[in-house]
Each structure stands twice: as structure tokens, then as C-alpha cells.
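Below is one structure; the comments refer to it alone.
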Amino acid sequence: MTIHRAIETAHCGCDGQDALKRLIGVEEALARVKTHTAPIEDAETLPLDRAIGRVLARPVLAGEMAPAFDNAAMDGYAIATSDLTGEGPWSLPVAARVPAGESAAALVRGTVARIFTGAPVPEGADAVVMQEEVARDGEAIQFLRRPVSGLNIRAAGSDMAEGAEVLAKGARLGDRAIAACAAAGADHVDVMRRLRVALLVTGDEVRQAGSLRTAAQIPDVNGPMLKAALRRADIELVATVLGADSRAGLTRQLGDLAERADLVITTGGISVGEEDHVKPAFAALQGQTLFSGVAIKPGKPVSVGRIGTTVWLGLPGNPLSAFVTWQVFGLALVRALTGAADTELARRHVITDAAIHRKAGRCEFRPATLAGFDVDGREVINFENATHSSRVARLSQTDGLMILPAEVAHLPKGARVLFQPFARI
Numbered sequence: 230m231t232i233h234r235a236i237e238t239a240h241c242g243c244d245g246q247d248a249l250k251r252l253i254g255v256e257e258a259l260a261r262v263k264t265h266t267a268p269i270e271d272a273e274t275l276p277l278d279r280a281i282g283r284v285l286a287r288p289v290l291a292g293e294m295a296p297a298f299d300n301a302a303m304d305g306y307a308i309a310t311s312d313l314t315g316e317g318p319w320s321l322p323v324a325a326r327v328p329a330g331e332s333a334a335a336l337v338r339g340t341v342a343r344i345f346t347g348a349p350v351p352e353g354a355d356a357v358v359m360q361e362e363v364a365r366d367g368e369a370i371q372f373l374r375r376p377v378s379g380l381n382i383r384a385a386g387s388d389m390a391e392g393a394e395v396l397a398k399g400a401r402l403g404d405r406a407i408a409a410c411a412a413a414g415a416d417h418v419d420v421m422r423r424l425r426v427a428l429l430v431t432g433d434e435v436r437q438a439g440s441l442r443t444a445a446q447i448p449d450v451n452g453p454m455l456k457a458a459l460r461r462a463d464i465e466l467v468a469t470v471l472g473a474d475s476r477a478g479l480t481r482q483l484g485d486l487a488e489r490a491d492l493v494i495t496t497g498g499i500s501v502g503e504e505d506h507v508k509p510a511f512a513a514l515q516g517q518t519l520f521s522g523v524a525i526k527p528g529k530p531v532s533v534g535r536i537g538t539t540v541w542l543g544l545p546g547n548p549l550s551a552f553v554t555w556q557v558f559g560l561a562l563v564r565a566l567t568g569a570a571d572t573e574l575a576r577r578h579v580i581t582d583a584a585i586h587r588k589a590g591r592c593e594f595r596p597a598t599l600a601g602f603d604v605d606g607r608e609v610i611n612f613e614n615a616t617h618s619s620r621v622a623r624l625s626q627t628d629g630l631m632i633l634p635a636e637v638a639h640l641p642k643g644a645r646v647l648f649q650p651f652a653r654i
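Quick note, the sequence shown lines up with residues 230 to 654 if you use this note's numbering.
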């Protein structure tokens, strides 16, 4: 891991030119995460119905071709098109019946077989005429149009060839991927083990829900918020700890968590004030810094490093800053550590419903709400006129983050901007 000196300054100067020059850009920070974070190596085998949300450790191959046999795509009549001579209409006797799940005898020449969706096509038949296109007259059918060979037949192997790679290593198993695994005959899959994550919440002013607070103390927002975000199929939350009120105590806690987890997340204590002890504790443990300070708003102090083999993510203490930097950098670390192939979050262009006036200098990730479409069919968002790092009251009403490039200070109403939807649990 490349070592980069942490940001040190005697005062905030968040948007001052000297301070900005010492910050790295968001894309550079994400590139470092991707480049310098190796996935965990351990895997486990799970039944398919317990693998939702997990990341494949090995590819899934089709155990047999799918479908395994030619079968009817709909209810109707299996025929041999070579039996249809001359001009229609044609009348042919019904000599057999083939339900789904039962084998079929070979088709007798000059006859048809009543067949149902999913049933195997009898040998000798090469088309299925849908039942709506025939007239049944006792034990015979009549129809007017000549079917083409292959009509309404799902050919064997048309979905999957035997041995074909259905899902690659690193694929995340959502409901659609589970469907593909089931179709491939995979009742068990090899997945990366769950990522062990520890959470350390700092701040002498922070108190847990139900605890007595003085007039100068505040409820813990980051702890419940991040515990909720960490309730994922690919994560095991091994510890949630309240930070000690001393540098030595915090160092012991951080070192202990680093022994137990693949990823340690801290909130607060990463600025440069006299009461900010996380960075000194990290340094005392001989931590290596990947980056410390990013030109992002909110969340400038966000930091990433390593204590031994454990990755450390330092989130700011202000709740909105912690939430945004978790969405941007925390989820990127989870993807990298679990070896997930979906290394990029889906972003799309949307249209602003109001003009934007702000101070340029940092890339801003401002919470925004989807508000339908304009007359041209473009997706529209609305948003507050400023980002406040400590405010979360309206966060639940938003759908994602509007991304404003660092160099942009003003945008008119109707401007096109990037939108990053929130990750869904």
C-alpha cells in the first residue's frame, strides 16, 4: 500500500485553495480503493436458497443443457410439417396426448398429438400449432395456416449449453441470478464468506438512545444508521463499540477491532482538533494511510488506510457526512473486499428542477429526490438549496445523490447532472 501523509492544518479552511490542493479528488480516491484493496480469500458453499446477496467465489456452470429437451412453448398440437401437402385447410386426427412432466411416444405419421406447455415434443414432430388456431372436430383438428418448422418449440439447449458459464466469479446473487443458477441445475453455490466488519463510534458528546443526556450532549445517529446499512447478506457485523474518552483507550479499542475484523469503520474523530483521537490512535498502531482528506462535500476528512491486514475506513462525525461517505467510499470498499464484479455504482443523468448556486472547489454529493419526468421524458430531481453536513431530517425523503463537479459553481434550472441512487438493502 502506498503511504500518503494525512491532511494536517491548524484551522478548517475547507475550501481554501491551499487546503484544496492537499486533497485528492473523489475519482482518484475511488481508484485507490479499487487498486489497493484485495478481496478476502475464504469461501463457503451454501444452498441456493440461502445465497441471496452473496458474491460468487467460483463461476456457476450449466450442469446440463437447458432446456434439456425440445418442449412445447404453449398449449396446442404437435405436428410434422412434412405431413401437410397441398393447399390448406388441413384436417388431421389426434392420436396422442402429451401432458407436461410425462414422456412422449414418437408421433404417428399423418396424425397430431395434443400437447401442453412444457411437455416434450414427440419424436417426428417439428412444430406446435397453438390451440387457438385450430378447430377441434371430435377426434380431429382443422387449421388453415401452414406452420413453419420449429414454430412454438423451445429447442433443447437454446437457453444454456451444457458446461456453459452461466454466472462469472464475482457476480452478486440477486433474484435474477438465483433464477439462472436454478436453471443451470446448481442447488449449491460457492460464495465468498461474509465480510467481518467492526464499527467504532466516537464522540464524548454522543449518547445512546435511552441514555440520560446533558444539555451539551446529543443522541447517537451514526451508530444506528451504520448498523442498519451494515445489515447485508455479505457482511457480518462482529462488534459495535463506543469510543473510549482517551487516546490510549481508543488505541486499544482500535487495535482490538483490527484483530477481529476485515474492515473497521470509525465515525468522528478524524479532523485535526485537540479532541480528535482517531488518527493519532491509527498512527500509534502503525497504520498505513491510503488517503486522508478528499475534495468531497460533505465529508472532506474521510480517510482510508490499513492496520496490518485490516482495512480502516474513517468516516466524519456529522451524520450526513458519514452517510454520504459511506455510500461513496464504504460501499466501494465492501465491493472490493468481497471481490464483487459490480465495482461501479449505477449512475444516470437527470434534470434539475431549480437553478444551483454554490461555491466551487469540492465535488458535492447532495441528497435529491426523484420528481417524475419533464415533457421530453427526462427524469427530474428536486433538492435543497444547500448541503448541511449535520442535517438528516429530510434524508429519508430522498432517493439518491446529485453529483456536482468540483469546478461547477452555477447551473441553470433544467441542467443535466449525474445522479447516484442510494444502495438498497
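Where a beta carbon is used, it is the ideal one built from N, C-alpha and C, also for glycine.
Measure the CB-CB distance between A342 and A307 and report whether it falls below 7 Å. yes
For A301 and chain D, any beta-carbon pair shorter than 7 Å? This model lacks chain D altogether; it includes just one protein chain.
When burial is assigned at 16 or more other CB atoms within 10 Å of the CB, is P527 buried or exposed? buried
Return the CA-CA distance between I232 and L519, expressed in angstroms with no decimal places. Because I232 carries a pLDDT of 33, less than 50, the predicted location of this residue cannot be relied on, and the following value inherits that uncertainty. Looking at the two C-alpha atoms, the distance is approximately 6 Å.
Cα-Cα separation between A635 and A524, rounded to whole angstroms: 8 Å
Candidates N611, V563 and L486: which alpha carbon is nearest G580's? Sequence check: residue 580 is Ile here, not Gly. For the residues N611, V563 and L486, the minimum Cα distance to I580 belongs to N611.
Could you give the distance in angstroms between the alpha-carbon of T496 and the alpha-carbon of A513? 18 Å
Rounded separation between G319 and G339 - CA only: Correcting the residue identity first, residue 319 is Trp in this sequence and not Gly. Each residue's Cα considered, the two are about 11 Å apart.
Element boundaries [alpha helix (DSSP H), containing M454]: N451 to A458
Run the CB neighbour count on P641, radius 10 Å, all protein chains shown included, and call it buried at 16 or more, exposed below. exposed
Residue from T346, A260, G472 and A597 whose Cα sits closest to the Cα of A510: G472
Would a C-beta distance cut-off of 7 Å place L566 and I281 closer than the cut-off? no
When the Cα of V377 is compared with those of I370, S332 and S311, which residue comes out closest? S311
To the nearest angstrom, how far is the alpha carbon of G421 from that of G643? Per the sequence presented here, residue 421 reads as Met, with Gly not at that position. Rounded to whole angstroms, M421 to G643 spans 44 Å at the Cα level.
Taking its Cβ as the centre, do 16 or more other Cβ atoms sit within 10 Å of D278, making it buried, or is it exposed? exposed
Paired residues, beta bridge with R620 - DSSP: DSSP output for R620 lists no bridge partner at all.
Tell me which residues share the same chain as A411 and place their Cβ nearer than 7 Å to its Cβ, disregarding the 5 neighbours each side in the sequence. L277
Hey, A600 and V609: beta-carbon distance below 7 Å or not? yes
So, under 8 Å CB-CB, H586 and R645 are touching, yes? Tell me the CB distance rounded to an integer number of Å. Rounded, the Cβ-Cβ distance is 17 Å, inconsistent with contact.
Would you check if the stretch 280-294 and the stretch 545-556 touch, i.e. whether three or more CB-CB distances between them fall below 8 Å? no
Are the CB atoms of I494 and L560 within a distance shorter than 7 Å? no
Check for me: the beta strand (DSSP E) holding G534 runs from which residue to which? S532 to I536
My assumption, with CB atoms under 8 Å, is that A302 sits in contact with V357. Please give the rounded CB distance. 7 Å
Tell me whether F648 is buried or exposed, calling it buried when 16 or more other Cβ atoms sit within 10 Å of its Cβ. buried
Answer with buried or exposed for G629, where buried requires no fewer than 16 other C-beta atoms within 10 angstroms of its C-beta. buried
Using only CA atoms, which one of P351, R481, R401 and V426 lies nearest to L459? V426
Going by DSSP, what residues sit across from V418 in a beta bridge? L275
Taking Cβ positions, are G399 and G568 nearer each other than 7 Å? yes
For A329 and P349, the rounded distance between their alpha carbons: 7 Å
First and last residue of the uninterrupted beta strand (DSSP E) at R645: R645 to P650
Buried or exposed: where does S625 fall if 16 or more other Cβ atoms within 10 Å of its Cβ makes it buried? exposed
For A413, tell me which candidate among L396, L428, L429 and R401 has the shortest Cα-Cα distance. L396
What residues match up with F612 in a beta bridge as DSSP calls it? A597
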